[in-house]
Amino acid sequence: MLRSGKRELIELYKTLLKEYGEQNWWPADEEYHRVHGTDPREEVVIGAILTQNTNWKNVEKALENLKREKILSFEGIRNVSSYKLAELIKPAGFYRQKAKYLKNFVTVYPSIGELEKTTRDELLKVKGVGKETADVILLYALNRLSFVIDAYTKRLLFRLMGIQGDYETLKSFFENNLPKDLKVYKEFHALIDEHCKRLCKKKPLCETCFLKERCRFFNNLL
DNA sequence: GCCCAGGGCACTG
DNA sequence: CAGTGCCATGGG
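Each residue of the first sequence is one higher than the one before, starting from 1 at the first, in the working numbering.
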């Protein structure tokens, strides 16, 4: 079990929120779904699979292609051929693999209604849905209190606080030390990613970082 | 040309 | 259970 870090974690959240503002993840095109009578939560799920190890900008191109074809929904994915789907999502990379994952997902879960009844364990059985994707779906599409861990989160937690661990360990660390608040879960994950994209990159920009005074990495404590 | 990005799976030791 | 190879595009 990791040491308690309630105050430290909350302070980090507040600092990031003040610095970067609300991120409002996960983005969905509400207008598109209003016009086409589809559910924006299905776009969240589709985006979650498309963004696996991929730049969000590339995912946006793929989502635009799906919108152009009016198939940005579970039903739309189900009714398009695997070949055409793969071509449409090509900008997101790993496109043949992701086309299979999407096709499989909408077979297991015909609609958001079916998905609402699922559990984390059930999601993890679906081929193409690992821990992070499952937690993204649970948190951002289904509004469940399930904290998302990704490569950025692992990197920031290690550099800043010297905390290491596998996925479930880090997930528990956040969930045990944060208030059970959907907004906090959603924003905190998004803010961590934003911070790592801007400053805490693989080659970190420590000199310009507003967290350096409290960072173990910067202070050579790792 | 190189490196990286909002991972996951299959296989190996 | 840790390590490795593979999947692939687009931007810096």
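The beta carbon of each residue, even a glycine, is placed where N, CA and C say it ideally should be. The structure displayed is predicted, hence computed values, not measured ones.
Within a 10 Å sphere around the beta-carbon of residue 110 sit fewer than 16 other beta-carbons, which makes this residue exposed. Inter-residue distance for residue 201 and residue 207 is about 13 Å (C-alpha atoms, whole angstroms). Between the alpha carbons of residue 148 and residue 171 lies a gap of roughly 7 Å. For residue 203, the secondary structure class from DSSP, reduced to helix, strand or coil, is coil.
DSSP places residue 143 in the coil class of the three-state scheme, outside both helix and strand. Here the segment 112-129 makes no contact with the segment 55-64; the two share fewer than three CB pairs at distances below 8 Å.
Just measuring C-alpha positions, the residue of 68, 52, 20 sitting nearest residue 33 is 68.
Residue environment analysis places residue 210 among the exposed positions, since fewer than 16 neighbouring C-beta atoms fall within 10 angstroms of its C-beta.
Taking a 10 Å sphere around the C-beta of residue 73, we find 16 or more other C-beta atoms and assign the residue as buried. Taking the C-beta atoms as reference points, residue 89 is found nearer than 8 Å to residue 50.
Straight-line measurement puts the Cα of residue 160 at about 5 Å from the Cα of residue 216.
Contact annotation: residue 48 and residue 136 have beta-carbon atoms nearer than 8 Å. Our two residues, residue 198 and residue 93, have alpha carbons roughly 23 Å apart in a direct line. Within the model, the alpha-carbon separation for residue 84 versus residue 184 is close to 38 Å.
With 16 or more neighbouring CB atoms inside 10 Å of its own CB, residue 66 falls in the buried class.
Your pair residue 145 and residue 182 checks out as a contact, with CB atoms roughly 7 Å apart and the cut at 8 Å. Around the beta-carbon of residue 166, fewer than 16 other beta-carbon atoms lie within 10 Å, marking it exposed. Residue 109 carries a coil assignment under DSSP once its states are collapsed to helix, strand and coil.
Membership of residue 40 in the alpha helix (DSSP H) is indicated by the continuous run 40-50. Residue 220 and residue 24 have their C-alpha atoms some 34 Å from each other.
In its chain, beyond the 5 residues on either side, 73 have a beta carbon closer than 6 Å to the beta carbon of residue 38. DSSP places residue 121 within a helical segment (H, G or I) once states are collapsed to three.
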